[in-house]
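These notes are about the structure you will find just below.
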Amino acid sequence: MNKIEEFTSILGRLEELDKEKFNSSEFQKVNNKLQDLLAEISTNKEDLQSDNFILDNKNIFLEIISKIESLQEKILPKAEIIDSFSRSQV
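Each residue of the sequence shown is one higher than the last, beginning at 26 in our numbering.
Next comes the structure, spelled out in structure tokens:
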């Protein structure tokens, strides 16, 4: 599986998690995978800088951006609520 497929797979898993009952450990595990993959892609960014690579994968990138925006709208408010609960004193 190439990096783009792996990235979209992880985003798909985040979408699944968003629909399920919140599971902090599972979310953390998927988030760690995403961070590791992004770090790996970042270290190999010379491969991504070719114009042909970007043009060949334009639709895939547009789909990834759309998924990220959708997940951000859904998950960010939940994360902020959880963060506020974790900061509050009982």
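By construction, the Cβ of each residue, glycine as well, lies at the ideal position given by its N, Cα and C atoms.
(request) Flag this pair as yes or no: are the beta carbons of serine 95 and glutamate 40 separated by less than 9 Å? (result) yes
(message) Tell me which residues share the same chain as arginine 38 and place their Cβ nearer than 6 Å to its Cβ, disregarding the 5 neighbours each side in the sequence.
(response) Val55
(message) Whole angstroms are fine: how far does the CA of threonine 33 sit from the CA of lysine 60?
(response) The sequence given here places glutamine at residue 60; lysine does not occur at that position. Rounded to whole angstroms, glutamine 60 to threonine 33 spans 13 Å at the Cα level.
(message) Using C-beta distances below 7 Å, list every residue in its chain close to isoleucine 35, excluding the 5 sequence neighbours before and after it, in chain order.
(response) Val55, Lys58, Leu59 and Leu62
(message) Short of 7 Å in beta carbon distance, which residues of its chain neighbour isoleucine 29, apart from the five on each side in sequence? Order them along the chain.
(response) Asn82 and Ile85
(request) Quick one: residues in its chain with C-beta nearer than 8 Å to the C-beta of leucine 42, no 5 flanking neighbours on either side, listed in chain order? (result) Asn48, Glu51, Phe52 and Val55
(message) Can you tell me whether lysine 46 is helix, strand or coil according to DSSP?
(response) coil
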